[in-house]
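When you number the sequence shown by this note's numbering, it's gap-free, plus one each residue, and the end is 687.
Beta carbons: idealized from backbone N, C-alpha and C, even for Gly.
To keep things clear, I will list the structure first and then write my remarks on it.
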Amino acid sequence: MVDAYLMSMAVRSGDSLALHANDVQGVVSVRQWQHSDPNPRGPGVLVKDCDWGRTEVRAGSTPTQMGSWLQAEGLLAGGTPFTFSAWLRPTDLSADSVICSWLTPVGAVALVAVGGELTLRRWRDDRVDDLATGQRLRERAWHFVGAVVDASGDGITLFSAPWGRTGGPFVREFVVEHVGPRDDDGCLMVGRAVGVANGAFDGNVGGARLHLRSLDIVELMDLMNGLGDAADHEWQFDDRSDPDSAPPVAAGTPALTLFGAPAWSTLIPPPVESTGRPLVLGGSIHLHRDDVDDCEWPLAATIEVPADAPSGFYSLRITTADDERDLPFLVMGSARVTLLVPTLTWQAYGNLGRAPELWPGRSHYSLHSDGSPVLITTSRRPCDTFSPHARLQVEGGDGFADGAVVTHLMMADLYAWHWLVSEGVHPAVLDDRELHHAGAEALSDVDVLVLSAHPEYWTTQMLDALQGHLDRGGHVIYLGGNGLYWVTSLHPTKPHLMEVRRWGGSQTSSVDEFDRAHQFESVTGGLWVEAGRPPNESVSVAFTGFGAGDSLEFERSEMSYTPEWSWVFDGVEGPRFGAEGINAGAGNEFDRVDPTLPTPGRLTILATARPRTSDHFGVLEYGRSRAPHPVVAADMVMAETGAGGLVFSTSSVTASGCLVVEGPDAPLRRVVSNVLRRMLDSAR
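As structure tokens, then:
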């Protein structure tokens, strides 16, 4: 196994590429890809070695930065008593769970739930000592928890109470030498032990407060019931203006910094009386011990991309004594025909079906170890599915597709790239993040924007850029299915972090409705159609069905034979087409026209594929349906925009697999090539 990742998946010629690795000794080379599927029905693997970028790598072993936690600096001082309290909702207590910690003159001290029991843990002279309280926490229940340290620094009281108890918390006092904070380190951590590399808590943290005095049992009871004196330091967990910190309630308190990309939540303990008085200000942070922001492996090599490197698909191949691995990247460029590579879809599926112990950082289709949905993913991790060779693979096998055949990630994007290159149109590639950050300016020189097989994840900025392209008369060829589906956002300063909060639609997991609000941008999680921006508005169609059966042929509509549209089918014999190619025309996930939703312009259905067998079925948002059914269909359509552009949609994830077949037995390729040529001719 080769542990490595790239800081960025897309660069431009003349840029540098940073490789980070862990315990790797080997040789790095650069390869340029045109096609990666060895299927004999296609052109085979088309890759060539580049004469640049070759270097040796000698990366030592480095711990992987895992888990999320909260941290405040400069709050604790030696000889000063304090009381730390918070409301916790642990979601997995099967492993030791660190609640909070600080440094003392002789080592670290932490409140830890050991087997669910609240425990004082001390690190001293290479020893770890535990003092149990007998107080137990329960999973998925709110608890008022914390510690009181007296002025001597030698006495500490741990307290806890489940939500609903109003008579005061259970307390356990300990007399322990040197349990108070030391003078030169005022750091307080929540969810991680000081001096231990990773976060170690699963669950929600809310209502964190710090009083710089020792509260007695009555004051703790008041605090637990939403009363009592204001804390010296308190934070607002409902203010997401900075996704990396919770701001203070009052001036003079430093922000509570978030590490490891935890998930913000609106979940709080409910009020305990009829007045509805809240126990906390609002909001909480859901920490996970398997969160990953950046693995933080050291820089192993810097590769300079030549100024004359052509735009396209590349990989850094790392070869060791017993393994090799390709890390894909794009060299972006500018051309009349540009393929938008759906790297956010790559990331969303990243490491799906892979063991998290070997491949840190889960996919948006997985669950955290505590069973909660994965809302945030990172590209800065080793990822087995960031690969030219990756196919559709899900834990325990996938019920909707044959993983030996179907692909929807880089391999499928290379189908489209191979077709464009072989058409001689000198295309370029652009990635999702570049479109997000540069907006419509990224498409200023583009006449035909090609959307690949599975462009599922779109941000507001990406949709705005696409709309700007259409508004100025630009053309679009949509080669995929299930596109422009989920509301997605990117971290404002860490573009490697991506957020998806699924709700509604056809999904593998869902947040609760009250937790749909994104933390990276002011958007609501769910489907773009529910957010008022249906994909139909941009590409004429939307996700409607999927299935495990054989991919299907299209059948031409009556309108396709009219003089206005018959040119699309020049060179195509017969009413049916699309059975050829690696995957065949319509299958896996596919889209159709919805007459109740807006389109980019005057719409014509040119052909439709209609499954007949019950192993194809409709998406959940259209109700329960199995083929044969009107909802379970793929529509090939053309729209004419008011600005003079054309939008052509094949409406199927598998359609691009037909584009790599050449000759008289390639009617779907002929159709799409006819459309491409007409678009280029009209844009001259």
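Identify whether F204 lies in helix, strand or coil by the three-state DSSP scheme. coil
With distances taken Cα to Cα, identify the nearest neighbour of L259 among L270, A203, P246, M224. P246
Less than 8 angstroms between C-beta atoms, sequence neighbours within five positions excluded: which residues of the same chain meet that for A534?
V490, V526, T527
ask   = Which whole runs of the alpha helix (DSSP H) in the segment 281-367 are 4 residues long or more, in chain order?
value = 346-351
Using the Cα positions of R436 and R216, report the straight-line distance between them to the nearest angstrom.
48 angstroms
Check your understanding: Just the Cα atoms here: how many angstroms apart are V1 and P537?
Key -> Given that the chain is displayed from residue 4 to residue 687, the structure contains no residue 1 and the question cannot be resolved.
Q) Using CA coordinates, which residue listed in N677, V678, T547 is at the minimum distance from E624? A) T547
| said: On a Cα-Cα basis, can you pick out the residue from D153, P313, S248, P272 that is closest to A264? | reply: S248
Q.
Measuring only the C-alpha atoms, how far is R680 from C661?
A. 18 angstroms
query: Rounded to whole angstroms, how far is the Cβ of D668 from the Cβ of E583, which I believe are closer than 8 angstroms?
result: 5 angstroms
Determine the burial state of E556: buried for a count of at least 16 other Cβ atoms within 10 Å of its Cβ, exposed for fewer. buried
Under a Cβ-count criterion, where at least 16 other Cβ atoms within 10 Å of its own Cβ denotes burial, should S676 be classed as buried or exposed? buried
Extent of the continuous beta strand (DSSP E) to which Q138 belongs: 130-139
Could you tell me the alpha carbon to alpha carbon distance between T323 and V5, rounded to whole angstroms? 8 angstroms
Query raised in the report: Are the Cβ atoms of D297 and R195 separated by less than 7 angstroms?
Result: no
Are M682 and H392 touching if we call contact CB-CB under 7 angstroms?
no
Buried or exposed for D684, please, with buried defined as at least 16 other CB atoms from any protein chain shown within 10 angstroms of its CB. exposed
Quiz item: What is the DSSP secondary structure of T160, reduced to helix, strand or coil?
Solution: strand
* Taking the alpha-carbon positions, what's the R92 to A266 distance? -> 14 angstroms
Query - Cut-off 8 angstroms between Cβ atoms - residues of its own chain near S541, not counting five sequence neighbours on either side - result: L466, L469, Q470, L473, V479, L487, P603, V650
*Would you call the segment 13-29 and the segment 326-333 touching, i.e. three or more CB-CB distances under 8 angstroms?*
yes
Any contact between the segment 44-57 and the segment 80-89? By contact I mean 3 or more CB pairs, one from each, below 8 angstroms. no
* How many Å lie between A312 and A7 at the Cα? -> 23 angstroms
inquiry  = One question on the structure: do F517 and T269 come within less than 7 angstroms of each other, judged by their Cβ atoms?
reply    = yes
(message) Using a 10 Å radius around the Cβ and a threshold of 16 neighbouring Cβ atoms, would you call W570 buried or exposed?
(response) exposed
* Asked: Closest by CA to F177, which one among W72, V197, V151?
  -> V151
Identify, in the order they occur along the chain, each residue of the same chain with its Cβ nearer than 6 angstroms to the Cβ of V449, setting aside the five sequence neighbours on each side.
T341
query: Considering G471, what are the terminal residues of the alpha helix (DSSP H) in which it resides?
result: 463-474
If I follow the unbroken beta strand (DSSP E) through M192, where does it start and stop?
191-193
Please state if the CB of L73 and the CB of W105 are separated by a distance shorter than 7 angstroms.
no
query: So which of W36, R672, E180, L302 has the shortest CA-CA distance to D26?
result: L302
In the DSSP assignment, find the unbroken beta strand (DSSP E) run with H478 in it and report its ends. 478-481
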